[in-house]
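**Q** Per my numbering, the sequence shown starts with residue 8, numbered consecutively.
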Amino acid sequence: MINTERLLIRPFSISDAEDAFEWRSDPEVNRFMPYPCDDNVEELRQRIEEWIADNDKYAIVLKETDKVIGDISLEWNEKDKSHEIGYNINRSFWRKGYASEAVRGLLDWAYNERGIHDFTAFYAKDNGASGRVLEKCGFVQEYTGQYSRENGKIVFEALFVRLHIE
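(1) Considering F28, what are the terminal residues of the alpha helix (DSSP H) in which it resides?
(2) Identify, in the order they occur along the chain, each residue of the same chain with its Cβ nearer than 8 Å to the Cβ of V36, setting aside the five sequence neighbours on each side.
(3) What residue range is occupied by the uninterrupted alpha helix (DSSP H) comprising K64?
(4) Taking its Cβ as the centre, do 16 or more other Cβ atoms sit within 10 Å of K64, making it buried, or is it exposed?
(5) Looking at the structure shown, is I123 part of a helix, part of a strand, or coil, going by DSSP?
(6) Please list the terminal residues of the continuous alpha helix (DSSP H) segment that includes E50.
(7) Just mark E108 as buried or exposed, buried being the case when its beta carbon has 16 or more other beta carbons within 10 Å.
(8) Spell out the partners DSSP gives I16 in its beta bridges.
(9) Looking only at C-alpha atoms, which of F100, A117 and F28 sits nearest to L81?
The following block contains the structure:
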């Protein structure tokens, strides 16, 4: 578990499905994500079981209310030879600094507890809010490119960013 000032970052549990469905089913929240919205809570429960088994996606919990308000991941990216960070926040909690706080918390933990020095992330060019989160956390642009939804039908222009911690 990772503790920050206002957040707890911990592994998901099946009981988090209802909270997670709030943002995983919201088209506005998922507009730039590489996966489509979840259609129902049962489908999401199955996905959460996969996250638990893979141990690479974590719940972002608001300490004050114990509500799961987002997710954050740290996965090995073979192409870039680094650990890739991804995150998503419930729209009701946007513009409150939670994404930046969660990313900083995960970076600190990964560096101090796991000895990880190289991190990457990517975001849609049109998603300036996500770009600002990564910039605040020290990431710098490395290159531009594209990514698409899992079904390959929607393609996004993207900025790929990197952070190296000494």
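Glycine is no exception: its CB is placed at the ideal position from the N, C-alpha and C atoms.
**A** The short version:
(1) A24 to R31
(2) Answer for V36: W30, N95, I96, N97 and R98, listed in chain order.
(3) It is not in any alpha helix (DSSP H) - K64 instead sits in the beta strand (DSSP E) that spans K64 to L69.
(4) buried
(5) coil
(6) V48 to D61
(7) buried
(8) I9 and I67
(9) A117
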